[in-house]
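Residue numbering for the sequence shown follows the numbering used here, starting at -13 and increasing by one per position.
From the three backbone atoms N, C-alpha and C, an ideal C-beta is built for every residue, glycine too.
Encoded as structure tokens, the structure appears first; notes follow it.
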Amino acid sequence: MEHMIKIPTERKWFRCPCCGKKLLIYDDTAKCDGVYINCRECKREVKIKI
-13 MEHMIKIPTE
-3 RKWFRCPCCG
7 KKLLIYDDTA
17 KCDGVYINCR
27 ECKREVKIKI
């Protein structure tokens, strides 16, 4: 079975779960797990799971 290539159709903001600040933008085909980023507003480390 062949894999279908999915075309990105929508872009969304990933927000900090603590303070709600916009951290990064991703599209609906993105897959991410185990990536950490520091929030500039509340100084907490946030795990990004898309």
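Open item on the list: Taking its Cβ as the centre, do 16 or more other Cβ atoms sit within 10 Å of V21, making it buried, or is it exposed?
Closed with: exposed
Task: Proximity of E31 and C2 at Cβ, strictly below 8 angstroms - done: no
Open item on the list: Taking DSSP's pairing of strands, which residues face T13 in a bridge?
Closed with: Residue identity check: residue 13 is Asp in the sequence provided, not Thr. Answer is R(-3).
Open item on the list: Quick test of your reading: D19 and K35, contact by CB under 8 angstroms. State the CB separation rounded to the nearest angstrom.
Closed with: 5 angstroms
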